[in-house]
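S.K.: Residue numbers (our numbering): 2 to 122.
Glycine included, every Cβ here is placed at the ideal spot set by N, Cα and C.
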């Protein structure tokens, strides 16, 4: 007989906990804050002059000082390919090519007509 009281007590306690939780959430303010989205209609031109740069996923608006301009990217591509040919480090070339691709898209230079590139590794 004692066990039935214990199970009822635990059910009652669980019910009380759920009720407290419901009350906690219903008492909170539910105001929604709308932040305006900043839209940049102008192309972003990078100013970074490093040929090598680690790929980092963008989690905020891009900073021009960390983005390479197209002229630097044109130099960076053969540079990293030659470096890869000398040491065959797949993680290096993968990281560098992702970084180059990211900078190209960030510079909004994707409207350039691309010619096929033959890469011999």
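For residue 11, does the three-state DSSP call read helix, strand or coil?
M.R.: For the purposes of this step, residue 11 is taken as the residue at position 10 of the chain shown. Residue 11 falls in the helix class under three-state DSSP.
S.K.: Taking a contact to mean a Cβ-Cβ separation below 7 Å, would you say residue 77 touches residue 98 in this structure?
M.R.: For this step, residue 77 is matched to residue 76 along the chain shown. For this step, residue 98 is matched to residue 97 along the chain shown. Going by C-beta atoms, residue 77 is not nearer than 7 Å to residue 98.
S.K.: For the alpha helix (DSSP H) holding residue 99, just list the boundary residues, first then last.
M.R.: Against the chain shown, residue 99 aligns to sequence position 98. Start and end: 91–107.
S.K.: When you compare only the Cα positions, how much space is there between residue 80 and residue 48?
M.R.: Here residue 80 refers to the residue found at position 79 when the chain shown is read from its first residue. Here residue 48 refers to the residue found at position 47 when the chain shown is read from its first residue. Going by the C-alpha atoms only, they are around 19 Å apart.
S.K.: Considering Cα atoms alone, identify which of 82, 107, 70 and 23 is closest to residue 62.
M.R.: Locating residue 62 in the chain shown gives position 61, where the first residue counts as 1. Out of 82, 107, 70 and 23, 107 has the C-alpha closest to the C-alpha of residue 62.
S.K.: How about residue 74 and residue 46: are their beta carbons less than 7 Å apart?
M.R.: Taking the first residue of the chain shown as position 1, residue 74 is located at position 73. Taking the first residue of the chain shown as position 1, residue 46 is located at position 45. Cβ distance not < 7 Å, so residue 74 and residue 46 don't count as in contact.
S.K.: Let me make sure I understand the geometry here. Which of 11, 103 and 24 has the alpha-carbon closest to that of residue 60?
M.R.: Numbered from 1 along the chain shown, position 59 holds the residue referred to as residue 60. Here the closest residue by C-alpha is 103.
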